[in-house]
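**Q** The structure's right below; bear with me while I get my questions together.
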Ligand SMILES: *Cc1c(COP(=O)(O)O)cnc(C)c1O
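In our numbering, the protein residues as written are 1 to 374.
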């Protein structure tokens with residue numbers, strides 16, 4: 001969490017709840033992914049709100065995130081998607097009653113060596129992402145190992161889709177599903193009763209055939225439409241924005257014709273403009289890549305960033321406000337994300353100016369001080 005900034009993140013928990021309810025329409029049990037502090041929205045607050053909506057399962061990244069979530073009072077099932085990375089993580093598992101993803105034999109050995117008490121685990125398979133997980137070819141050895149170590153109890157089989165949000169890569173999703181189904185069948189035939197899950201948000205919306213027993217929902221809870229800008233964009237039409245971000249105006253002045261602004265004078269005014277200096281910069285996780293490329297929302301009007309974004313400041317051309325009869329004053333807040341009016345900054349637009357995806361924008365801006373609305 002950034003302590004020094006004046007940037008404020010407004011999290012709309014009501015919208016998170018709405019998005020959760022939208023995703024329950026898929027009809028399966030949902031695992032709410034609250035890793036990385038709920039994509040910058042605050043894991044504790046989001047989990048609390050979703051528990052009230054009936055959510056009973058949460059997924060975090062590392063085990064210690066799960067431990068913090070448990071300590072904060074979360075009563076639901078907690079799954080650590082990155083499993084135990086070291087011995088500290090292993091000891092946290094049973095303390096926090098956390099179910100780890102396990103995808104490698106060395107992790108299995110570590111768990112078997114440390115725990116004599118029964119431990120629920122989720123078996124993670126690599127069906128095409130080529131990152132983490134057992135391979136289909138590991139199944140024989142894996143099942144032998146599990147039979148020999150009954151204290152490790154596989155309760156879940158999972159895999160992760162690489163391209164479920166890319167309509168032109170459906171064949172990869174289909175092939176991952178085929179491998180996954182085979183793996184799940186084999187594990188069940190070996191006598192283990194497991195809950196299977198494969199889908200992320202995009203698959204929940206666009207690949208009903210991947211439904212299985214439960215589904216892991218992340219970005220759509222946080223206002224991201226995984227299909228934005230694609231032929232399937234309509235599938236995410238009911239998802240509401242959950243985060244708005246503001247920063248204060250520090251100074252307003254005129255930039256005369258021919259005057260350059262900020263480091264390197266990468267913007268030179270070709271006519272006189274009014275500039276507002278805003279208290280948000282790259283140290284507040286407002287990317288320098290937005291220099292001369294992004295926009296803010298000042299009093300409902302879209303205003304372009306002029307010149308380079310600095311460590312704790314950015315400049316915008318607010319000349320358009322005069323035409324709307326709006327006066328911008330020092331201390332007024334402008335929106336880096338969200339806000340009202342035609343200037344509203346949509347998360348997908350901001351991500352595209354930024355040259356990245358909604359996930360990264362939410363995680364980064366979400367590092368600033370948060371306030372919550374129910
Ligand atoms: C982050 C994550 C998800 C959630 O994905 P979204 O695209 O945000 O819905 C699901 N499963 C795993 C394993 C993840 O790491």
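For each residue, glycine too, the CB sits at the ideal point set by N, CA and C.
Going by other Cβ atoms of all chains shown within 10 Å of its Cβ, with 16 needed for buried, is residue 141 buried or exposed?
**A** So residue 141 ends up on the exposed side.
**Q** Leaving out the 5 sequence neighbours to the left and right, which residues in its chain are closer than 6 Å to residue 268 when beta-carbon positions are compared?
**A** 260
**Q** What do you reckon, is the C-beta of residue 202 under 7 Å from a heavy atom of ligand 1?
**A** The nearest non-hydrogen atom of ligand 1 is less than 7 Å from the C-beta of residue 202.
**Q** If you count every other CB in all the chains shown that lies within 10 Å of the CB of residue 251, and 16 or more means buried, which is it?
**A** exposed
**Q** For a test of your reading of the model: does the CB of residue 401 fall under 7 Å from any non-hydrogen atom of ligand 1? Yes or no.
**A** Look at the range of the chain in this structure, 1 to 374, and you will see that residue 401 is not part of it.
**Q** Exposed or buried, which one is residue 23 when buried takes at least 16 other CB atoms within 10 Å?
**A** buried
**Q** Could you give the C-beta distance for residue 57 and residue 66, rounded to a whole number, given that I count them as a contact under 8 Å?
**A** About 12 Å; that fails the 8 Å criterion.
**Q** Under 8 Å between the Cβ atoms of residue 139 and residue 186?
**A** Cβ distance < 8 Å, so residue 139 and residue 186 count as in contact.
**Q** Among 2, 114, 194 and 121, whose alpha-carbon lies nearest the alpha-carbon of residue 91?
**A** 114
**Q** Are at least three pairs of beta-carbons, each pair with one atom in the region 219 to 228 and one in the region 350 to 360, less than 8 Å apart?
**A** yes
**Q** Does DSSP put residue 263 in a helix, a strand or coil?
**A** helix
**Q** At the level of alpha carbons, what is the spacing between residue 209 and residue 203?
**A** 9 Å
**Q** Return the residue from the list 373, 9, 372 and 31 that minimises the CA-CA distance to residue 196.
**A** 31
**Q** My understanding is that residue 27 touches residue 370, with C-beta atoms under 8 Å, so please give their C-beta distance in whole angstroms.
**A** Not quite, the Cβ-Cβ distance comes to about 32 Å (not below 8 Å), so this is no contact.
**Q** Starting from residue 203, follow the alpha helix (DSSP H) in both directions and report where the run begins and ends.
**A** 201 to 206
**Q** Beta carbon of residue 318, beta carbon of residue 283: below 8 Å?
**A** no
**Q** For residue 20, count neighbouring Cβ atoms within 10 angstroms of its own Cβ and tell me buried if that reaches 16, exposed if not.
**A** buried
**Q** Using 8 Å as the threshold, is the C-beta distance between residue 285 and residue 364 below it?
**A** yes
**Q** Would you please verify whether the beta carbon of residue 161 is less than 8 Å from any beta carbon of chain C?
**A** No chain C appears in this structure, which consists of one protein chain only.
**Q** DSSP three-state label for residue 46, please.
**A** The three-state reading of DSSP puts residue 46 in helix, counting H, G and I together.
**Q** DSSP three-state label for residue 23, please.
**A** helix
**Q** Could you give the DSSP three-state label for residue 88: helix, strand or coil?
**A** helix
**Q** Note down, in chain order, each residue of its chain lying with its Cβ closer than 7 Å to the Cβ of residue 244, except the 5 sequence neighbours on either side.
**A** 10, 335, 337, 338 and 339
**Q** Short of 8 Å in beta carbon distance, which residues of its chain neighbour residue 348, apart from the five on each side in sequence? Order them along the chain.
**A** 224, 225, 228, 229 and 358
**Q** What does residue 136 pair with, by DSSP beta-bridge criteria?
**A** DSSP output for residue 136 lists no bridge partner at all.
**Q** When you compare only the Cα positions, how much space is there between residue 135 and residue 171?
**A** 19 Å
**Q** So, helix, strand or coil for residue 312, using DSSP?
**A** Of the three classes helix, strand and coil, the one that applies to residue 312 here is coil, per DSSP.
**Q** Determine, using beta carbons only, whether residue 246 and residue 8 come nearer to each other than 8 Å.
**A** yes
**Q** Taking the alpha-carbon of residue 62 as reference, which of 72, 45, 53 and 84 has the nearest alpha-carbon?
**A** The alpha carbon of residue 62 has as its nearest neighbour, out of 72, 45, 53 and 84, the alpha carbon of 84.
**Q** For ligand 1, is there any heavy atom lying closer than 7 Å to the beta carbon of residue 35?
**A** yes
**Q** Quick one: what's residue 118 bridged to in DSSP?
**A** Partner(s): none; residue 118 has no beta bridge.
**Q** Going by the beta-carbon positions, is the gap between residue 150 and residue 121 smaller than 8 Å?
**A** no
**Q** Can you check DSSP and say which residues form a bridge with residue 253?
**A** 275
**Q** Just verifying my parser: in three-state terms, what is the DSSP assignment at residue 366?
**A** coil
**Q** Can you tell me which of the three DSSP states residue 12 falls into?
**A** strand
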